[in-house]
Amino acid sequence: MESTVEHANSYLQYLELSQKTKMYQAMFAERPICEKLLGMIALENEAGKPYTVSEIMRLEHLGSPCTIHRRMETLREAGLIAQVYKNGDRRTKYLVPTRTASRYFKVMDHVIRQSIAISHSVSA
């Protein structure tokens, strides 16, 4: 059975490795909260319930509406999210991750697997 320390080491290893990736440095080094926002958008989209712009703007724990809007623009300008319309309704914009975001998640998946492997080899 793995100890809590081993899990903590895996997570800390992941944090260290992820922050060293070129993609992380280019996209989130100065704005880590944008990574959290991207993750939230991706999770809701994956669940089939993509956020609308209005819904995101009401998430007070992410900051004021102005701050959230700037963070969304940062993600959009980086090519990580897109605003799309559904079913021809142009009144509601939905936020969805892009292919660039998918590449980022794939890189982070590799980092997770690498950090677990390193932690297991150290604890063995």
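This note's numbering puts the first residue of the sequence shown at 6, with every later residue one more than the last. Glycine included, C-beta positions come from ideal geometry on N, C-alpha and C.
The beta carbon of N50 sits closer than 7 Å to the beta carbons of V101 and P102 from its chain, once the five residues preceding and following it are set aside; these are given in chain order. Contact fails between the segment 76-83 and the segment 111-123, because fewer than three Cβ pairs, one in each stretch, are under 8 Å apart.
Comparing alpha-carbon positions, the option among R81, C71 and L20 lying closest to R104 turns out to be R81. A residue is called buried when at least 16 other Cβ atoms come within 10 angstroms of its Cβ; S23 meets this threshold and is buried. The same chain holds no residue with a CB closer than 6 Å to that of F110 once the five nearest residues on each side in sequence are set aside.
The C-alpha of E65 lies about 10 Å from the C-alpha of T72.
For K98, the uninterrupted beta strand (DSSP E) run begins and ends at D94 to P102, by DSSP. According to the DSSP secondary-structure assignment, Q119 is paired through a beta bridge with no residue. Taking 8 Å as the upper bound for CB-CB distance, I86 and I38 are not in contact here, some 14 Å apart. Bounds of the beta strand (DSSP E) holding A87 are I86 to K91.
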